[in-house]
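Written out below as structure tokens is the structure these notes cover.
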Amino acid sequence: MPTAARLLALFSPALLCLNLAQAQIPTPIPPTPLPAAPHTRALRLPGETQPIAPGTRRAPPVPELTLTPPMPQVRQIQYLGNGHIEVASAVLLLLPGEVAQARKLAATAAARTLLARPSLAEVDISVYNKAGYGGFGGPLPILTLSAPRARLQDVAAWAAGGPYERAWEALGSTPPNPGNTDRIADKVRERTINFFGDVNQTLSDAHTRTASRVKGGIQDGLLYGGNVLRPVAALTFDDAPHPMYEPLLLDLLRRDQIRATFFVIGRNARAYPYFVRDMVQQGHEVGNHTYHHVRLPALPLPAAITELSLTNQTLRGLTGQPVKYFRPPGGDYTPQTLDAARALGLTTVFWTDDPADFQNPGDGVLESRFDRRLHPGGIILLHDNAQETLAVFGAFLAYARKRGVTLTTVSGLLGGKPADVIGAFHQVSVDKSVPGH
Ligand SMILES: [Zn+2]
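Just so you know, this note's numbering puts 249 at position 173 of the sequence shown, and the rest follows in order with no gaps.
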């Protein structure tokens, strides 16, 4: 769509109606009912990594690997490729008497998995207490390990008690907020932007949204889009990090020297800190996606603030950098949560282009959605654990090149200079005062 037509399209009849309504409605109507508390819903199935939303096709099954003879602690080993490398993710469930051997069991499972499938570049291990295991979105693992094939000797030394920077252990560490860490991650995926407020707040939000889209850039702490005259679009991935998809996605981005913004779930960053450090080392940007991936309008305000501040604290501890951007899970927000984000120095980032990769629409459909919706000044919404996104990422890049649109981080969209390091490994400063790593 030409730029002028696009600008006109932003002034939709619905928004014009809202403008008129602002002057004519004397008394506010009751606030929109809030959604039910998300953590009361059923847990996802153990091992399931793709939340299933209404209208969503189930992801094709991920191939599994079996060890012969089997290890009784291994619940499941899945593996996936990105066209260049293969990565496996293994889940181990331990009985209380086995927890003291967690390192050795994890290292054994890593070595045996890499032996069983020589094409694997890496295996990532997640070790859980068998009692209470609830899958990836359930209670956190007690130990995680990233084992690239080239690091197997280091993993063996770590199993014998040595240091290893690509492992994390909950044993002996203090949760950042005891009593608030057992909430279950919500299944919600970002699809629509949903504002919850009274009529005046809704009108004010609509004005801000329209102004932001027309002018581009941050308006009142909110970002709905960039400058449509600049051939740059932000590439954003929600719900990171994941122990199988993250190394695959980071590998793809590294190969094409693309920088992106990852909206990270705090609890998962805590359990897989090395992937967050990998992101920063590759020049990517790390944003706040709440600690438990919950719909904030359903929470009391203090709990919503805690969701944001805990995540900021966790990410700053891992990256040594302040967190600048926040995206609300499900796209759901209220005036209060926006205020909380502002108070924490966060700009709330929405999106303009959503190919709905989590719906598993099929590679061809996903490609054509991306092609149709990509435009200068856009913010592309993808998820870090969608199989089809991995499959068609090369095609995405080809479309972007064909249209002359450079994909970059949110800061890059706003005219900032993205980090200049790609593929190089440099030390980031790590704040040891933050527990959990
Ligand atoms: Zn999300």
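Quick reminder that beta carbons are idealized off the backbone N, C-alpha and C, glycines included.
Are the segment 187-200 and the segment 152-169 in contact at 8 Å, needing three or more beta carbon pairs? yes
Residues near Asp332 in its chain [Cβ-Cβ closer than 6 Å; skip 5 each side]: Leu473
When you compare each of Phe313, Asp314, Gly293 and Glu241 to Leu305 by their alpha carbons, which one comes out closest? Gly293
Helix, strand or coil for Phe472? Go by DSSP, reduced to three states. helix
When you compare only the Cα positions, how much space is there between Thr220 and Val203? 6 Å
Do three or more CB pairs link the segment 170-188 to the segment 219-237 at distances below 8 Å? yes
Please state the DSSP three-state secondary structure of Gln154. strand
Would the beta-carbon of Gly342 fall within 8 Å of that of Thr390? yes
Report the rounded CA-to-CA distance for Pro511 versus Pro319, giving the unit in angstroms. Annotation note: pLDDT 36 at Pro511 (below 50); position unreliable, coordinate value reported separately. Answer to the nearest angstrom: the Cα atoms are 21 Å apart.
Pro373 beta carbon less than 8 Å from that of Tyr409: yes
Spatially closest choice to Tyr367 from Thr382, Glu174 and Leu168, by CA coordinates: Thr382
Which same chain residues end up closer than 7 Å to Ala345 when comparing Cβ atoms and leaving out the 5 residues on each side of it in sequence? Pro317, Val352, Thr390, Leu391 and Leu394
Where do the N-terminal and C-terminal ends of the beta strand (DSSP E) with Thr337 fall, by residue? Thr337 to Val340
So does Pro317 have its beta carbon nearer than 7 Å to some heavy atom of ligand 3? No copy of ligand 3 occurs in the structure displayed; its ligands are ligand 1 alone.
Pro224, DSSP secondary structure in three states: strand
Give the DSSP-derived three-state secondary structure of Asp200 in the structure shown. strand
Which first and last residues belong to the beta strand (DSSP E) in which Glu174 is found? Taken as a continuous stretch (DSSP letters only), Glu174 belongs to no beta strand (DSSP E), as it is neither H nor E.
Can you tell me the Cβ-Cβ gap for Leu141 and Ala192, rounded? I've got them flagged as a contact below 8 Å. 6 Å
Fully enclosed by the segment 372-411, which alpha helix (DSSP H) runs are 4 residues long or longer? 377-395
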